[in-house]
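The structure under discussion appears below in the form of structure tokens.
There are 2 protein chains.
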Amino acid sequence: MAVSSAIPGFVVVIPAGGIGSRLWPLSRAEAPKFLHDLTGSGHSLLRDTWDRTVPLAGADQVVVVTGVAHELAVLEELPELSAANVLLESEPRDSTAAIGLAAAVVERRAPGAIIGSFSADHFIRDTAGFHQAVREAVAVAATGRIATIGIEPTAPAVGYGYIHANGGLEIPGAPNAEGVRSFKEKPNRTTAKRYLATGEYLWNAGMYVAPAAVILEWIARSEPELAAGLAEIADAWDTAARDEVVARVWPGLKKVAIDYVVAEPAAAAGALAVVRGSFDWDDVGDFEAISRLHQTDAGGDLVVFGGESPAVVAEDSTGVVFAQSGRVISLIGIKDVVVVDTEDALLVTTKEHAQRVKSIVDALRLSGRSEVL
Amino acid sequence: MAVSSAIPGFVVVIPAGGIGSRLWPLSRAEAPKFLHDLTGSGHSLLRDTWDRTVPLAGADQVVVVTGVAHELAVLEELPELSAANVLLESEPRDSTAAIGLAAAVVERRAPGAIIGSFSADHFIRDTAGFHQAVREAVAVAATGRIATIGIEPTAPAVGYGYIHANGGLEIPGAPNAEGVRSFKEKPNRTTAKRYLATGEYLWNAGMYVAPAAVILEWIARSEPELAAGLAEIADAWDTAARDEVVARVWPGLKKVAIDYVVAEPAAAAGALAVVRGSFDWDDVGDFEAISRLHQTDAGGDLVVFGGESPAVVAEDSTGVVFAQSGRVISLIGIKDVVVVDTEDALLVTTKEHAQRVKSIVDALRLSGRSEVL
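Top to bottom, those sequences are chains A and B.
With positions in the first sequence counted from 1, the corresponding number in the numbering used here is that position plus 10.
With positions in the second sequence counted from 1, the corresponding number in the numbering used here is that position plus 10.
Put into structure tokens, the structure is as follows:
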């Protein structure tokens with residue numbers, strides 16, 4: 011049952027995947043980013059995503075796509091989620107397969123549905139602003155377009171992709187919808203500053219809202235084999251044949267991001283619009299972000315989180331400490347530090363180098379230490 | 011049996027005590043500094059001290075004073091040490107009690123012996139230079155004086171006390187012996203630079219060489235109660251009454267450093283000489299020292315030690331890592347760092363702040379976390 015303010019015919023899709031390499035060793039294959047409370051909210055990012063999106067669709071209209079290894083953890087975080095709405099990936103096949111599977115299953119269960127895909131591990135404080143943007147995006151989707159929600163940047167971030175908007179759309183119910191000139195990869199600092207100055211560039215938050223059938227059409231146009239595989243799996247999903255078909259077809263699906271398969275081609279064809287979102291948003295992509303999201307005053311603090319009662323003794327130190335191991339952690343005279351202390355791995359770096367954590371993960375994988383990844 | 015080059019009538023005393031608070035959490039009450047290999051020699055500091063001093067006296071002329079908790083560890087490190095030459099302190103009572111006990115026991119076993127006291131947790135690379143200085147100090151002691159060995163400073167160190175030498179002694183066999191004007195506490199940087207420039211100031215390495223009876227006379231002059239207690243214990247030491255007397259008398263002995271009780275009063279009375287030692291010496295007092303002692307080239311390296319095969323993955327990082335817990339340790343872009351990773355405690359600081367580690371230990375003690383000390 012949808013709650014009173016739910017949007018009729020709207021289904022929320024929450025892809026809950028990804029390891030979050032830049033948050034290693036906090037985020038792991040076994041305990042990925044979306045299962046952690048990284049913002050001090052008291053809830054996991056997944057739970058916060060659920061709470062934020064459920065009012066838009068109703069609890070029985072939310073589908074979570076996740077790996078088989080995380081089924082129990084997801085159901086524990088989201089007891090209201092019906093088991094039928096957990097779509098399990100036997101192995102990760104990237105976002106086109108994940109969102110495409112959801113679109114194909116939803117289209118068969120509720121033909122004509124509009125889906126909205128929102129990552130399980132992002133952070134938004136302004137729920138009302140987010141809801142308004144989604145409602146506009148649904149209005150855009152109702153015209154047959156794909157809508158994305160772009161976030162008005164508040165800083166020249168180099169960790170995000172950008173959407174170059176070009177204004178000019180007049181869609182009823184979507185006053186903030188604009189056309190899209192192009193998608194831009196993560197820029198360097200100079201380019202990011204230029205983007206910010208023009209006001210024409212929005213952060214690509216990876217939020218897509220469209221009729222499920224339209225998503226599937228674009229997958230079929232760009233990647234017909236992938237689309238055929240998804241269709242075969244979706245046809246079998248709610249039947250006894252599911253396990254056999256998934257086991258046979260899913261592992262062969264192409265791993266490719268939905269931005270390349272759907273969003274960029276649709277934008278190039280004029281079939282995609284962006285809703286300018288003025289709410290706060292963060293992809294909680296690295297430890298610098300975690301530190302920022304925990305700041306409650308002018309900064310300069312030491313942010314400590316993780317564990318029941320972290321035992322941190324610090325003098326003249328700033329930065330962020332994730333204290334999971336239960337050990338006593340002492341810091342002296344160290345600025346903007348990032349310390350992540352887990353049972354089997356320790357990371358020490360600075361906020362400045364937060365984006366480089368992924369390279370350590372790569373180095374550990376290459377050196378055969380994947381047991382700590 | 012003394013080896014051929016041993017000095018007749020000379021007994022080495024090795025006080026093996028002290029927690030080494032500035033080396034926490036590596037050095038602990040249960041595993042103090044002298045039991046660790048902190049210099050990359052492949053041996054504990056205690057073992058290196060033994061190897062360095064035994065040729066001067068012979069293996070059966072070396073006495074180790076240590077806490078009851080460390081008896082087994084000491085005997086494991088020094089299998090050649092006879093059990094009778096391990097003097098156990100039931101609780102720490104500072105250096106006057108420790109060295110005074112050794113002096114009193116040695117004087118009873120070998121009246122007229124000259125003892126030389128050398129800390130168990132210091133570092134010397136130039137063993138020949140050390141031996142030469144000790145032989146000169148014994149020559150000084152043979153005149154009835156107390157000799158200390160002062161180290162020619164190579165840098166304006168602020169972590170050491172200094173001895174102000176004033177030249178002018180003509181003692182046979184001790185060409186480098188000088189009179190002592192005064193002892194100086196740890197100076198500030200400006201004063202240390204001035205000390206270095208004059209050439210008159212030597213590092214106080216806490217090495218004392220004197221007839222055991224002379225040491226005891228000075229203790230009796232400064233602290234008669236303490237001297238009486240030590241005499242009572244020493245009288246009982248090699249008898250069946252030892253345990254009873256120690257249990258009754260030792261805990262009441264005054265805790266005071268031998269510098270104040272013996273060295274400074276003797277210097278003021280003109281009864282103490284300093285042998286100018288030009289060998290290298292380090293008290294391995296903090297993590298900056300450990301880093302320095304491990305440097306094998308021009309510096310800028312990351313020094314990793316501790317554990318069987320430390321798993322450290324570092325990018326653009328310098329400093330020192332003590333990796334004892336067996337966990338994977340990753341460092342990114344962090345300079346002059348000190349990371350000490352043990353089972354129950356982690357320290358992150360910089361070499362610049364190495365001397366401040368003691369304040370963390372104090373804070374932990376005050377906050378009731380003494381289980382990690």
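Backbone N, C-alpha and C define an ideal beta-carbon position, used for all residues, glycine too.
Query	Result
CB contact check: Ala355 (chain B) to chain A, cutoff 8 Å	yes
The segment 167-186 of chain B in contact with the segment 374-381 of chain B per 3-pair CB rule at 8 Å	no
Chain B residues whose Cβ lies nearer than 9 Å to that of Thr360 (chain A)	Ile342, Gly343 and Ile344
Buried or exposed by the 16-neighbour rule on C-beta atoms within 10 Å, applied to Asp253 (chain A)	exposed
Backbone CA spacing between Val115 (chain B) and Ala244 (chain B) [nearest angstrom]	5 Å
Outcome for Glu353 (chain B) when other beta-carbon atoms lying within 10 angstroms are tallied against a minimum of 16	exposed
Three or more C-beta pairs below 8 Å linking the segment 314-327 of chain B and the segment 151-159 of chain B	no
CB contact flag (Gly77 (chain B), Gly27 (chain B), <8 Å)	yes
Ile181 (chain B) - containing beta strand (DSSP E), residue span	Premise fails: Ile181 (chain B) is in no beta strand (DSSP E) and is neither H nor E.
Close beta carbons around Val168 (chain B), own chain, < 7 Å, minus the five adjacent residues each side	Lys196, Pro197, Asn198, Arg199 and Ala202
Same chain, Cβ closer than 6 Å to Pro166 (chain A), neighbours up to 5 away in sequence not counted	Ala202, Lys203 and Leu206
Cβ of Asp351 (chain A) within 8 Å of any chain B Cβ	yes
Contiguous beta strand (DSSP E) assignments of at least 3 residues, all confined to the segment 24-94 of chain B	72-77
Three-state secondary structure assigned by DSSP to Arg119 (chain A)	helix
Residue-level contact to chain B via CB, Leu374 (chain A), 8 Å cutoff	yes
Reduced DSSP category for Glu99 (chain A) - H, G, I as helix; E, B as strand; rest coil	strand
Beta-carbon neighbours of Ala321 (chain B), restricted to chain A and to distances below 8 Å	Arg379
Amino acids of chain B, ordered along the chain, whose beta-carbon sits closer than 9 Å to that of Val367 (chain A)	Ser340 and Ile342
Phe332 (chain B) - DSSP class collapsed to helix/strand/coil	strand
Runs of alpha helix (DSSP H) wholly within the segment 168-239 of chain A (minimum 4 residues, chain order)	199-208 and 222-232
Alpha carbon of Ile6 (chain B) to alpha carbon of Val259 (chain B), nearest angstrom	A query on residue 6 (chain B) cannot be resolved here, the shown segment of chain B reaching from 11 to 383 and no further.
Val21 (chain A) - partner residues in DSSP beta bridges	A:Ile125
Partners in chain A for Ile370 (chain B), counting only beta-carbon separations shorter than 8 Å	Val323, Glu325, Ser340 and Ile342
Nearest-angstrom Cα separation, counted from Leu36 (chain A) out to Leu356 (chain A)	9 Å
Chain C contact for Val382 (chain A) (CB, 8 Å cutoff)	Protein chains in the displayed structure are A and B, and chain C is not among them.
Residues that DSSP places opposite Ala7 (chain A) in a beta bridge	Outside the shown range of chain A (11 to 383) lies residue 7 (chain A), about which nothing can therefore be said.
Beta-carbon proximity check, Asp351 (chain A) vs Ser327 (chain A), cutoff 8 Å	no
Check whether Phe289 (chain B) and Phe193 (chain B) have beta carbons under 8 Å apart	no
When B:Pro89, B:Ile29 and B:Glu162 are compared against Gly287 (chain B), the one with the closest alpha-carbon	B:Glu162
Ala250 (chain B) (DSSP reduced to helix, strand or coil)	coil
Cβ of Arg32 (chain A) within 8 Å of any chain B Cβ	no
Identified DSSP bridge partners for Asp351 (chain A)	A:Ala333 and A:Leu356
Whether Asn214 (chain B) touches Tyr170 (chain B) by CB criterion (8 Å)	yes
Residue-level contact to chain B via CB, Val347 (chain A), 8 Å cutoff	yes
Collapsed DSSP secondary structure at Ala16 (chain A) in the structure displayed	coil
Residue closest to Ala279 (chain A), alpha-carbon to alpha-carbon, out of A:Gly189, A:Arg57 and A:Ile268	A:Gly189
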